[in-house]
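Engineer: The sequence shown begins at 57 in my numbering and counts up by one.
Glycine included, C-beta positions come from ideal geometry on N, C-alpha and C.
Quick one: the structure is below, questions incoming.
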Amino acid sequence: MPPTATAQPARFAAADAAARIAAASRRTQQPQSRDDLVSLSMGEPDFDTPEAVTEAARAALSAGRTHYSPLLGEPALREALAEKLTGLAGTPVGAADILVTQGGTAGLAASILGIVNPGDKVVIPDPTYSLYADLVSMAGGTVVPVPLASDLHWDLDRLAHALSDARLFVFCNPSNPTGIVHSHDELAVLAELLDGTSTIVLSDEAYADLNYSGRPFTSALSVDGLRERTVYCQTFSKSYAMTGWRVGYLSGPTDLVHAAARIHNTFNGSLNTVAQDAALAAVQSCEADVARMRTAYEERREIMSRTLSGIPGLTPSAPEGAFYQFPRYELDLPSADVVTALRAHGVAVRPGSEFGACGEGHLRLSYAANPQQITEGLRRLAQGLADLA
Ligand SMILES: Cc1ncc(COP(=O)(O)O)c(C=O)c1O
């Protein structure tokens, strides 16, 4: 007689890297969007990609540019980016030190996996963009979050202490989720703190074009003492409303660019040729589009900040860049619960805790949405908070 017991389905354990990310990750999966929901949760421009970019993509397709691209990226795009970074850094950046990546995400992944060994200490601000900690966990590194000061800028004393023996410091400027823009002076202090150390800096400048501070934006590449140790990560997603095209790039010390290229080639292979031709059009001919969108975001920032300051129980932040507000609320409730309750009132926002333990007590609101959505979303938010109180 065959055995009657039904066999248990086999269980397949995932690799430790996946388990480490799952254990460390603060990223929350956004529930399915609904038609009746106003979303202030996405870090996604609501503008169409500029016409010159889509036109370049159509031309690339018509010309049959549908084959493998070189692994480091299209030479013409890398030349144009090298020229742009030379202007930014104030010293020559060669095309040999540019790697075109699958969006900013893959550039950050390739950098971190190319730098961090198991057990290495990696310092990040708290709160900050949640991908960094996940990538460090994937690499087996140890994340050391450093609480921000109450004005959401770096707490330099705490940073000085945390940076001793750090392999890497990762930050974004302008910051997601706070909207803070780090000034030249802050970056110069960071350079001083790192003087004489072998700590590497990863400067994610995804929102560099969205700066409303009234000061010129300072790239880490332009700061003496940082330039030599900085891996610079950039994306076309935000400045050019190209989130779906998946094009980014990085540059930095030659050895680190080679290491990142090795990881990127292994993980991603070369980038879609059509998207790279489109990106070249963006760099070469879309400055006016970038300026137009920046002006619109600045107006939306005003609408959002003004409205938020009239909502009882909320203290708006003072964002100078990107397209995020990071208000603090007074309720004695975790931000994830506040977000769930607000969804029931028809508005989607992100919990501050997603960006670090010190983000708790905050919400992240995006003003990449259009003004009508912002106004209606904040009306619902005010109602939701009043009900919770
Ligand atoms: C600070 C920061 N860096 C990088 C990215 C990733 O951008 P990409 O769409 O190019 O992967 C984002 C996306 O939200 C971001 O906020």
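Between which two residues does the alpha helix (DSSP H) harbouring Leu312 extend?
Structural biologist: Stepping through the sequence shown from its first residue, residue 312 is reached at position 256. Taken as a continuous stretch (DSSP letters only), the alpha helix (DSSP H) holding Leu312 covers Thr310 to Phe323.
Engineer: Taking the runs of the beta strand (DSSP E) that are 3 residues or longer, which of them lie wholly in the stretch 163–223?
Structural biologist: Listed in chain order, the complete beta strand (DSSP E) runs (minimum 3 residues) inside the stretch 163–223 are 177–182 and 198–203.
Engineer: If you scan the stretch 374–441 from start to end, which runs of the beta strand (DSSP E) of 3 or more residues do you find wholly inside it?
Structural biologist: Counting only runs of 3 or more, we get 419–422.
Engineer: Output yes or no for whether 9 Å exceeds the beta carbon distance between Gly415 and Pro183.
Structural biologist: Against the sequence shown, residue 415 aligns to sequence position 359. Against the sequence shown, residue 183 aligns to sequence position 127. For Gly415 and Pro183, yes; Cβs fall inside 9 Å.
Engineer: State the Cα-Cα distance for the pair Val237 and Ala424, rounded to the nearest angstrom.
Structural biologist: Here residue 237 refers to the residue found at position 181 of the sequence shown. Here residue 424 refers to the residue found at position 368 of the sequence shown. Approximately 17 Å, taken between the alpha carbons.
Engineer: Taking only three categories from DSSP, how would you classify Ile359?
Structural biologist: Counting from one through the sequence shown, the residue named residue 359 turns up at place 303. Ile359 falls in the helix class under three-state DSSP.
Engineer: Does DSSP classify Gln64 as helix, strand or coil?
Structural biologist: Taking the sequence shown and counting its residues from 1, one reaches residue 64 at position 8. In this structure, Gln64 counts as coil in the three-state DSSP scheme.
Engineer: Please list the segments of the alpha helix (DSSP H) lying wholly inside the stretch 131–158, counting only runs of 4 or more residues, in order along the chain.
Structural biologist: Segments of the alpha helix (DSSP H) lying fully in the stretch 131–158: 131–145.
Engineer: Count the other C-beta atoms from every protein chain shown that fall within 10 angstroms of the C-beta of Pro272, then say buried if there are 16 or more, exposed otherwise.
Structural biologist: If you number the sequence shown from 1, residue 272 lands on position 216. Classification of Pro272: exposed, given that the 10 Å Cβ count is below 16.
Engineer: Can you check whether the CB of Lys294 is closer than 9 Å to the CB of Ala262?
Structural biologist: In the sequence shown, counting from the first residue as 1, residue 262 sits at position 206. In the sequence shown, counting from the first residue as 1, residue 294 sits at position 238. In this structure, Lys294 lies closer than 9 Å to Ala262 by Cβ.
Engineer: Is the separation between the beta-carbon of Ser81 and that of Arg406 shorter than 9 Å?
Structural biologist: For this step, residue 81 is matched to residue 25 along the sequence shown. For this step, residue 406 is matched to residue 350 along the sequence shown. Cβ atoms of Ser81 and Arg406: not closer than 9 Å.
Engineer: How about the stretch 329–336 and the stretch 105–123: do they share at least three Cβ pairs that are nearer than 8 Å?
Structural biologist: The answer is yes - the stretch 105–123 touches the stretch 329–336, with three or more Cβ pairs under 8 Å.
Engineer: Which residue comes first and which comes last in the alpha helix (DSSP H) that contains Thr286?
Structural biologist: Working through the sequence shown from its first residue, we reach residue 286 at position 230. Unbroken run through Thr286 is the beta strand (DSSP E), Thr286 to Thr291; no alpha helix (DSSP H).
Engineer: Just to confirm, does Ala264 get its C-beta within under 8 Å of one of the non-hydrogen atoms of ligand 1?
Structural biologist: As a position in the sequence shown, residue 264 is number 208, starting the count at 1. False, no ligand heavy atom lies under 8 Å from that Cβ.
Engineer: Around the Cβ of Glu355, are there at least 16 other Cβ atoms within 10 angstroms (buried) or fewer (exposed)?
Structural biologist: On the sequence shown, residue 355 is found 299 positions in, with the first residue counted as 1. Per the 10 Å Cβ criterion, exposed.
Engineer: Between the Cα of Leu141 and those of Glu130, Pro131, Leu389 and Ile154, spot the shortest distance and give me the residue it belongs to.
Structural biologist: Here the question's residue 141 lines up with position 85 in the sequence shown. Of the candidates Glu130, Pro131, Leu389 and Ile154, the one whose C-alpha sits nearest the C-alpha of Leu141 is Ile154.
Engineer: Mind listing which residues have their beta carbon within less than 6 Å of any non-hydrogen atom of ligand 1? Chain order is fine.
Structural biologist: Qualifying residues, in the order they occur: Gly99, Gly159, Gly160, Thr161, Tyr185, Cys228, Asn232, Asp260, Ala262, Thr291, Ser293, Thr299 and Gly304.
Engineer: What residue range is occupied by the uninterrupted alpha helix (DSSP H) comprising Val279?
Structural biologist: In the sequence shown, counting from the first residue as 1, residue 279 sits at position 223. Note, Val279: premise wrong, no alpha helix (DSSP H); not H, not E.
Engineer: Based on Cα-Cα distance, which residue from Lys177, Ala276 and Gln86 lies nearest to Ala145?
Structural biologist: Taking the sequence shown and counting its residues from 1, one reaches residue 145 at position 89. Of the listed residues, the one whose Cα sits closest to Ala145 is Ala276.
Engineer: In whole angstroms, what is the alpha-carbon distance linking Thr198 and Asn173?
Structural biologist: For the purposes of this step, residue 198 is taken as residue 142 along the sequence shown, with counting starting at 1. For the purposes of this step, residue 173 is taken as residue 117 along the sequence shown, with counting starting at 1. Straight-line Cα distance between these residues: approximately 10 Å.
Engineer: Around the Cβ of Glu284, are there at least 16 other Cβ atoms within 10 angstroms (buried) or fewer (exposed)?
Structural biologist: The count along the sequence shown starts at 1 and reaches residue 284 at position 228. Per the 10 Å Cβ criterion, exposed.
Engineer: Between the Cα of Gly160 and the Cα atoms of Tyr380, Gly300, Ala400 and Ala404, which residue gives the shortest distance?
Structural biologist: The sequence position of residue 160 within the sequence shown is 104, counting from 1. Checked all of Tyr380, Gly300, Ala400 and Ala404; the closest Cα to Gly160 is Gly300.
Engineer: Less than 9 Å between the C-beta atoms of Val200 and Ala216, yes or no?
Structural biologist: In the sequence shown, counting from the first residue as 1, residue 200 sits at position 144. In the sequence shown, counting from the first residue as 1, residue 216 sits at position 160. Cβ atoms of Val200 and Ala216: not closer than 9 Å.
Engineer: Are Gly369 and Pro233 touching if we call contact CB-CB under 9 Å?
Structural biologist: Counting from one through the sequence shown, the residue named residue 369 turns up at place 313. Counting from one through the sequence shown, the residue named residue 233 turns up at place 177. It is not a contact, given that the beta carbons lie outside the stated cut-off.
Engineer: To the nearest angstrom, how far is it from the Cα of Ala152 to the Cα of Ala315?
Structural biologist: For this step, residue 152 is matched to residue 96 along the sequence shown. For this step, residue 315 is matched to residue 259 along the sequence shown. Spanning the two alpha carbons is a distance of roughly 13 Å.
Engineer: So, using beta-carbon positions, are Ile367 and Ala165 closer together than 9 Å?
Structural biologist: If you number the sequence shown from 1, residue 367 lands on position 311. If you number the sequence shown from 1, residue 165 lands on position 109. Cβ atoms of Ile367 and Ala165: not closer than 9 Å.
Engineer: Measure the alpha-carbon distance for His240 versus Val279 and round it to whole angstroms.
Structural biologist: In the sequence shown, counting from the first residue as 1, residue 240 sits at position 184. In the sequence shown, counting from the first residue as 1, residue 279 sits at position 223. For His240 and Val279, the distance between alpha carbons rounds to 8 Å.
Engineer: Evaluate Leu117 with the Cβ neighbour count: other Cβ atoms within 10 Å of its Cβ, from every protein chain shown; 16 or more gives buried, anything less gives exposed.
Structural biologist: Reading the sequence shown from its first residue, position 61 is the one you call residue 117. Leu117 comes out exposed.
Engineer: Helix, strand or coil, according to DSSP, for Thr351 in the structure here?
Structural biologist: For this step, residue 351 is matched to residue 295 along the sequence shown. Of the three classes helix, strand and coil, the one that applies to Thr351 here is helix, per DSSP.
Engineer: Using the Cα positions of Tyr188 and Thr62, report the straight-line distance between them to the nearest angstrom.
Structural biologist: One-based indexing of the sequence shown puts residue 188 at position 132. One-based indexing of the sequence shown puts residue 62 at position 6. Each residue's alpha carbon lies about 45 Å from the other.
Engineer: Using the DSSP secondary-structure output, state which residues sit across from Tyr305 in a beta bridge.
Structural biologist: Walking along the sequence shown from the start, residue 305 turns up at place 249. BP columns for Tyr305 point to Val156 and Gln290.
Engineer: How is Ser365 classed by DSSP in three states: helix, strand or coil?
Structural biologist: Residue numbering aside, residue 365 sits at position 309 when the sequence shown is read from its first letter. DSSP places Ser365 in helix when its eight states are reduced to three.
Engineer: With 16 other CB atoms within 10 Å as the buried threshold, where does Pro375 fall?
Structural biologist: One-based indexing of the sequence shown puts residue 375 at position 319. The residue is buried, with at least 16 neighbouring Cβ atoms inside 10 Å.
Engineer: If you check the beta carbons only, do Arg302 and Gly196 fall under 9 Å apart?
Structural biologist: Within the sequence shown, residue 302 is the residue found at index 246, counting from 1. Within the sequence shown, residue 196 is the residue found at index 140, counting from 1. Not closer than 9 Å, so no.
Engineer: Does DSSP put Thr329 in a helix, in a strand, or in coil?
Structural biologist: Within the sequence shown, numbered from 1, the residue matching residue 329 stands at position 273. Residue state, collapsed to three classes: helix.
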